[in-house]
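The structure under discussion appears below in the form of C-alpha cells.
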Amino acid sequence: PFAFPRQARVKEVQVIEIECPSGLRGIIRGFKVKDEALYLDQNLVRQGRYIGSLVASCWEQTLDPGPYENLLGVSGKLDWDGVLQGDRYFAFLKARVATRGPEYEFEIQQCGNGACRRRYDWACNLDELPVRKLDPAVKAAFMAGESSALEIEGLPAILCRPLIGRDEQWMARVAEKEPTKLLLWATVRRIVKIEGVGNDARKIKDFVENLDGAVADALRDGLEELDCGPENVFEVQCPQCGYYQQVTLPFEPTFFSGRKRLQRKADAIGFA
237 PFAFPRQARV KEVQVIEIEC PSGLRGIIRG FKVKDEALYL DQNLVRQGRY IGSLVASCWE
297 QTLDPGPYEN LLGVSGKLDW DGVLQGDRYF AFLKARVATR GPEYEFEIQQ CGNGACRRRY
357 DWACNLDELP VRKLDPAVKA AFMAGESSAL EIEGLPAILC RPLIGRDEQW MARVAEKEPT
417 KLLLWATVRR IVKIEGVGND ARKIKDFVEN LDGAVADALR DGLEELDCGP ENVFEVQCPQ
477 CGYYQQVTLP FEPTFFSGRK RLQRKADAIG FA
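Right, here's the structure in full:
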C-alpha cells in the first residue's frame, strides 16, 4: 500500500500589536518567505542593516509613533534608520515571536568551565526577557533633537545620546576596519561633546582612550543607561558540571527558521 507522509503541524504567522520601550506602538507580523533573502543576505549582515530591513519588512502599521512623529513619511511609513536601537531590537524579537512563538532554543558552543568544555542546548522565553523602558528625560531630549547631560565623578561635563539604526550601520563599518577598537568607538559614538575637549570625534576618542579603566567602565555604564530595550545577556547553567556562565542571546539561523536544510545552508555561507 502507498503511504502518504504524516501531515506536519505548522504554526501560522501571526500579526500582533506591540509597544516598544520608547512608547512606539504598532502592528508587526512574523517572517514570511520573502524575508529569507534578508536574513541570509551577507551584504546586509556586514553593513549592519539586516535587523532594520527585517523590522521594516514586517512592520504593518504604526498606531502611535511615540518619539518618532518626525520619522513618519507621507504614506505613514516609518524610517527605521532613525529609530532607537532598543526599539529596533525589541520589534525584531517580537517579529520572531509572531513567527515561531516565544521559546527559542539554541546551542551553547562551549561550557566556560575549562575542565568541562561541553556543548549543550539551552532555551529561553523571548517574551520574558527584562525590558528597559526609555528614560522620560532622555525621550524628551531625543524628541527635541537635543543631547542628554551625563555626570561621571572625575570627568568633565559630557553631552551624549542613545544609539539609533544608522549607528548600527556605522559600527558595522568600524568592525571591518578596526575590529579591535570596536568597543572604544562604540563609546565615542554615543558622546556628542565633552567640556574642554569639544565635539571632534578623534579628540573624544583620544580622551576616552587615555581614561583609567575604572573611570572608563563608569562612563560606559552611564552611556548605556541612555539606551532602552530588552536585556540580551543572561546566565545559563551547564547540565554536565553545573557551571554558570553569562551568554549573549545568539542569532543562529534557527532564530528565523527551524528548517535543518536552511541551518546547513546558513552555516555554509558563514551566517553570523
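Adding 236 to a residue's 1-based position in the sequence shown gives its number in the numbering used here.
Heads up, the beta-carbon is just placed ideally off N, CA and C, and yes, glycines get one too.
Treat the numbers as computed from the prediction; the structure is a model and nothing was measured.
Coarse secondary structure for residue i, derived from DSSP in three states
i	result
residue 279	helix
residue 369	coil
residue 394	strand
residue 257	coil
residue 251	strand
residue 268	coil
residue 487	coil
residue 328	helix
residue 342	strand
residue 434	strand
residue 503	Here the model assigns residue 503 a pLDDT of 46, short of 50, so the residue's position is not dependable and the matter cannot be decided.
residue 322	helix
Per-residue burial, residue i [other beta carbons within 10 Å of its own, 16 or more giving buried]
i	result
residue 254	buried
residue 465	buried
residue 258	buried
residue 321	buried
residue 256	buried
residue 347	buried
residue 381	exposed
residue 415	exposed
residue 334	buried
residue 273	exposed
residue 375	buried
residue 370	buried
residue 385	exposed
residue 401	buried
Unbroken alpha helix (DSSP H) run spanning residue i, endpoints
i	result
residue 230	Given a span of 237 to 508 for the chain in the structure shown, any question on residue 230 remains unanswerable.
residue 298	First-last for residue 298: 295-300, but that is the beta strand (DSSP E), not the alpha helix (DSSP H).
residue 423	418-426
residue 443	437-445
residue 346	Element bounds for residue 346: n/a, residue is neither H nor E.
residue 455	449-460
residue 405	401-413
Whole-number beta carbon distance between residue j and residue i, since they are thought to touch under 8 Å
i	j	result
residue 396	residue 462	6 Å
residue 300	residue 260	7 Å
residue 317	residue 288	6 Å
residue 392	residue 432	5 Å
residue 426	residue 459	5 Å
residue 356	residue 491	So it is not a contact: roughly 18 Å between Cβ atoms.
residue 445	residue 366	That pair is no contact at about 32 Å.
residue 420	residue 441	7 Å
residue 267	residue 486	About 17 Å; that fails the 8 Å criterion.
residue 379	residue 303	5 Å
Enclosing beta strand (DSSP E) for residue i [first to last residue]
i	result
residue 473	469-473
residue 353	Taken as a continuous stretch (DSSP letters only), residue 353 belongs to no beta strand (DSSP E), as it is neither H nor E.
residue 385	384-386
residue 483	480-484
Proximal residues to residue i (C-beta, below 7 Å), its chain only, five neighbours per side dropped
i	result
residue 428	383, 395, 396, 397 and 435
residue 437	424
residue 501	Below a pLDDT of 50, predicted positions are generally treated as unreliable, and residue 501, at 44, falls in that range; the measurement from the model is reported next regardless. So no residue of the chain qualifies.
residue 405	283, 284 and 285
Residues near residue i in its chain [Cβ-Cβ closer than 6 Å; skip 5 each side]
i	result
residue 328	287 and 291
residue 294	264, 265 and 331
residue 473	480
Cutoff 8 Å; reference residue i; Cβ partners in own chain excluding five residues on either side
i	result
residue 495	For residue 495, the pLDDT reaches just 48, beneath the cut-off of 50, and the residue's location in the model is therefore unreliable, although a value from the coordinates is still provided. Contacts found: none.
residue 451	388, 390 and 391
residue 296	251, 262, 263, 264 and 265
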